[in-house]
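Trainee:
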Amino acid sequence: MKRLLFIPYLRLALLAALPAAILPGLQAQNAPPPLQWDIAAGMGSIHMPGLGADWQHAQTAVYAGVEQPFNQRRTLGLALRFSYARGKYQGDALSTQLLFTFSPLIANAIEPGIGLGVGYQRAFSPSKSMHWDGESWTAGRQSKGLFHVPLRVSLGYKAKGKQYDFTPYVAYQLQALFGYSPDLSLLPQSHALIGLKIASH
362 MKRLLFIPYL
372 RLALLAALPA
382 AILPGLQAQN
392 APPPLQWDIA
402 AGMGSIHMPG
412 LGADWQHAQT
422 AVYAGVEQPF
432 NQRRTLGLAL
442 RFSYARGKYQ
452 GDALSTQLLF
462 TFSPLIANAI
472 EPGIGLGVGY
482 QRAFSPSKSM
492 HWDGESWTAG
502 RQSKGLFHVP
512 LRVSLGYKAK
522 GKQYDFTPYV
532 AYQLQALFGY
542 SPDLSLLPQS
552 HALIGLKIAS
562 H
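Letter by letter, the sequence shown follows residues 362 to 562 in our numbering.
1. Residue range of the beta strand (DSSP E) that His509 falls in?
2. State the start and end residues of the unbroken beta strand (DSSP E) segment that holds Pro393.
3. Within its chain, find whatever has a CB closer than 7 Å to the CB of Ala401; leave out the 5 residues flanking it on each side and keep chain order.
4. Leaving aside the five residues before and after Lys558 along the sequence, list all residues of the same chain whose C-beta is less than 6 Å from its C-beta, in chain order.
5. With distance defined between alpha-carbon atoms, name the residue in His562, Phe508, Leu512, Leu437 nearest to Gln524.
6. Between the Cα of Leu567 and those of Gly452, Ala520, Val510, spot the shortest distance and give me the residue it belongs to.
7. Please classify Ala454 as buried or exposed, where buried requires at least 16 other C-beta atoms within 10 Å of its C-beta.
8. For Val479 and Thr436, I'd like the C-alpha separation in whole angstroms.
9. Compare the Cα-Cα distances from His418 to each of Lys449, Ile471, Ser551 and report the closest residue.
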């Protein structure tokens with residue numbers, strides 16, 4: 362009789378312990394993949410396809426960043442990138458960008474990608490700037506902040522290792538800078554890049 366009375370309590374105890382046993386497994390399964398690191402370098406110019414403008418005064422551009430994938434297949438993610446762009450005439454520039462990315466994997470190796478986001482750039486004047494205040498010339502600002510919208514397309518090849526995946530890629534990034542000057546409210550920039558992504562399992 363005592364054993365029969367004990368059975369319902371045993372069932373309740375098992376039911377109460379079941380979520381505690383299952384939850385860690387579900388959390389591990391639903392946990393986002395590790396961060397993916399990204400470095401790239403290339404050339405940049407004041408250029409936009411379709412405008413008939415050739416690449417002129419191309420300068421070095423360097424990118425470094427990190428990306429958090431949203432799913433286990435790493436097809437969707439959010440990337441944070443920092444860059445330095447050399448500019449002999451427009452001035453050197455430091456920028457940070459936040460992009461939503463989509464990178465499907467084809468044939469378990471080919472990785473096309475596209476990213477779209479927002480960014481902020483601080484450009485430094487290559488020479489001493491002057492400002493006319495209506496009566497005389499005064500020293501102007503040595504740097505200027507600009508918001509921009511970057512669009513990146515890429516094509517890479519993923520090599521899978523035991524602990525890390527390496528994805529060398531080529532990319533083209535077009536970004537529109539807003540408020541560059543009163544006469545030029547939108548300034549297009551193009552960057553041609555070669556990069557490498559590193560991701561752990």
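Built from N, CA and C at the ideal position, the CB exists for glycine as well.
Mentor: Result, derived from the coordinates:
1. 504-518
2. No beta strand (DSSP E) holds Pro393; DSSP gives it neither H nor E.
3. Tyr424, Ala532, Leu554, Ile555, Gly556
4. Gln397, Asp399, Thr528
5. His562
6. Here the chain comprises residues numbered 362 to 562, so residue 567 is not present and cannot be evaluated.
7. buried
8. 20 Å
9. Lys449
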